[in-house]
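Everything in the sequence shown is counted per our numbering, starting at 375 for the first residue and increasing by one.
Each residue gets a CB set at the ideal place from its N, CA and C atoms; glycine is no exception.
Worksheet for the structure shown next.
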Amino acid sequence: MLSGILRVLTSPDVVSLICRFQDGPTGDMLAFVSLPRRVRTPAHELAFLDETRHLQPAHDAVVTPWLARHGLSRLERLFIWSPCSKAIVVAHAAFHGRLDVLKHVHWIPTRSTDQPFDNATVLGALQGHVPVLEFLHSQGRLKYVAQASVAAASKGNLPVLDFIHQTVVTFNWNYAATLYVAAQHGQTTTLAWLLSVWVQDPVGTLFHALDVEFTCLRLAVRHGQHDTRRWLVKYMHGQGQGMLLPRVFAYEEHAVVDDIELKDVADAIWPVLQRVRRHYDMDNIARILDVLATGDDGGRRQVRAACFRILVRAVAFCRMDVLDWLVAQAIVDTTDLRDVLHLYAAVPCDRQHNRSTQAFLAHPRVQSWMGER
């Protein structure tokens, strides 16, 4: 008796009949349950953009066919059953420029605790959808504009940046971060436009132009953006900032002398040699000496002065690898090497560096170079 009842109740016809009159989600809505939710907010724009790269394909795989099949008619029913789905649909619409979806969702009532449009500004700016931003601005839903400018700069979306600059004048324009992202991603045209706007805009005076432009150069060198690096070098020369260029060697281990057009390559000697060994140290030193050797009088005086500066710097930083290279290449005179080592040994060191200095001076090769006096 019981088994017969179970067979009837679990038959496909009866189950479908029950589901037809049951209050709850239908089969086409169940896919929204398994969608991963966003953790980051646009306030942390870099983490938010990284999360978008991972989540958006999964969201699109569900939302795109669902909208293609049902259109806008079932959105309100979906949001009643799953309020969290509203933010997913809005983000999808902003990312893909679906202005029809945004306009429809805008008029659907939302719980006071939900903010489904918070991500739309940054996602629309990331993809370059100016109409999306215009709609959000007209409805008072434009948020995280500073972060949106960073997202637009990463993709080189100049129309979005121009819209933000011309229209949303009351918001804080995040110049420094926007410039940094443009340089990091090699968006040279965007970087040039931002710098031209910055110079003309009094808001730009809030930032230290020299520091920001130099940081842009560092980021371009670090991330291998050669076109942006070449443009920035010429730009900084044109702005009378050539004296800042040698400093890039002190911060970026991938900086190469040939890539930075220096008026005097000897200025790069001290920034090139740091306490920590780096990949291009020897190549940069050799290139500096080669350039100086082509100067007046065969560059003998310039080369000798540069060698002495290299020697002093290498000894001060206990760079045994540099000293070995200088001796092996017969670049420095042994007398100069001995004089510098004895002078360094006679100078009292502070307690912090005393141990490393004593260990360096006690090295057998250093002792052999110092010799007997």
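{"Query": "Tell me which residues share the same chain as residue 537 and place their Cβ nearer than 8 Å to its Cβ, disregarding the 5 neighbours each side in the sequence.", "Result": "504, 507 and 508"}
{"Query": "Considering just the uninterrupted stretch of the alpha helix (DSSP H) at residue 605, what are its terminal residues?", "Result": "600-612"}
{"Query": "Given a cut-off of 7 Å, decide if residue 525 and residue 493 are closer than it, judged by their beta-carbon atoms.", "Result": "no"}
{"Query": "With distance defined between alpha-carbon atoms, name the residue in 586, 563, 541 and 534 nearest to residue 551.", "Result": "586"}
{"Query": "Relative to the alpha-carbon of residue 630, which residue among 615, 603 and 610 has its alpha-carbon at the smallest distance?", "Result": "603"}
{"Query": "What is the rounded straight-line gap between the Cα of residue 495 and the Cα of residue 560?", "Result": "23 Å"}
{"Query": "Rounded to whole angstroms, how far is the Cβ of residue 449 from the Cβ of residue 436, which I believe are closer than 8 Å?", "Result": "Contact doesn't hold; Cβ gap of about 14 Å is too wide."}
{"Query": "For residue 411, name the three-state secondary structure that DSSP assigns.", "Result": "coil"}
{"Query": "Can you tell me whether residue 802 is helix, strand or coil according to DSSP?", "Result": "Any property of residue 802 remains undetermined from this structure, which presents the chain solely from 375 to 747."}
{"Query": "If you measure between the beta carbons of residue 549 and residue 592, is that distance less than 7 Å?", "Result": "no"}
{"Query": "Any idea what DSSP makes of residue 703, helix, strand or coil?", "Result": "coil"}
{"Query": "Is residue 481 buried or exposed, if buried means 16 or more other CB atoms sit within 10 Å of its CB?", "Result": "exposed"}
{"Query": "Suppose you measure from the CA of residue 691 to the CA of residue 567; what does that come to, to the nearest Å?", "Result": "42 Å"}
{"Query": "What residue range does the alpha helix (DSSP H) around residue 549 cover?", "Result": "549-558"}
{"Query": "Report yes if the CB atom of residue 663 is closer than 7 Å to the CB atom of residue 677, and no otherwise.", "Result": "yes"}
{"Query": "Could you check where the alpha helix (DSSP H) with residue 480 kicks off and where it finishes?", "Result": "473-480"}
{"Query": "When burial is assigned at 16 or more other CB atoms within 10 Å of the CB, is residue 739 buried or exposed?", "Result": "exposed"}
{"Query": "DSSP on residue 503, reduced to helix/strand/coil?", "Result": "coil"}
{"Query": "Figure out for me which residue from 597, 679, 674 and 484 has the closest Cα to the Cα of residue 644.", "Result": "679"}
{"Query": "Let me know if residue 711 comes out buried or exposed under the rule of 16 or more other beta-carbons within 10 Å of its beta-carbon.", "Result": "buried"}
{"Query": "Counting only the same chain and skipping the five closest in sequence on each side, list residues whose C-beta sits under 7 Å from that of residue 555.", "Result": "524, 527 and 528"}
{"Query": "Here's a check: name, in chain order, each residue in its chain whose Cβ is nearer than 8 Å to the Cβ of residue 628, leaving out the five neighbours to either side.", "Result": "595, 596, 598, 653 and 654"}
{"Query": "Report yes if the CB atom of residue 685 is closer than 7 Å to the CB atom of residue 714, and no otherwise.", "Result": "yes"}
{"Query": "Taking all protein chains shown into account, do 16 or more other C-beta atoms lie within 10 angstroms of the C-beta of residue 438, making it buried, or fewer, making it exposed?", "Result": "exposed"}
{"Query": "Below 6 Å CB to CB, which residues in the same chain sit around residue 414 once its five sequence neighbours on both sides are set aside?", "Result": "421, 422 and 425"}
{"Query": "Would the beta-carbon of residue 702 fall within 7 Å of that of residue 696?", "Result": "no"}
{"Query": "Using the beta-carbon count (16 or more within 10 Å), is residue 387 buried or exposed?", "Result": "exposed"}
{"Query": "Among 648, 682, 649 and 622, which one has its Cα closest to the Cα of residue 636?", "Result": "622"}
{"Query": "Could you check the C-alpha separation between residue 412 and residue 434 for me, to the nearest Å?", "Result": "14 Å"}
{"Query": "In angstroms with no decimal places, state the Cα-to-Cα distance between residue 606 and residue 633.", "Result": "11 Å"}
{"Query": "According to DSSP, is residue 459 helix, strand or coil?", "Result": "helix"}
{"Query": "Where does the unbroken alpha helix (DSSP H) through residue 534 begin, and where does it stop?", "Result": "532-541"}
{"Query": "For the alpha helix (DSSP H) that residue 741 lies in, which residues bound it at each end?", "Result": "738-744"}
{"Query": "Please list, in chain order, all residues of the same chain as residue 620 whose beta carbon is under 7 Å from its beta carbon, the five residues on each side excluded.", "Result": "636, 641, 642 and 645"}
{"Query": "Return yes when the Cβ of residue 618 is within less than 7 Å of the Cβ of residue 590, no when it is not.", "Result": "no"}
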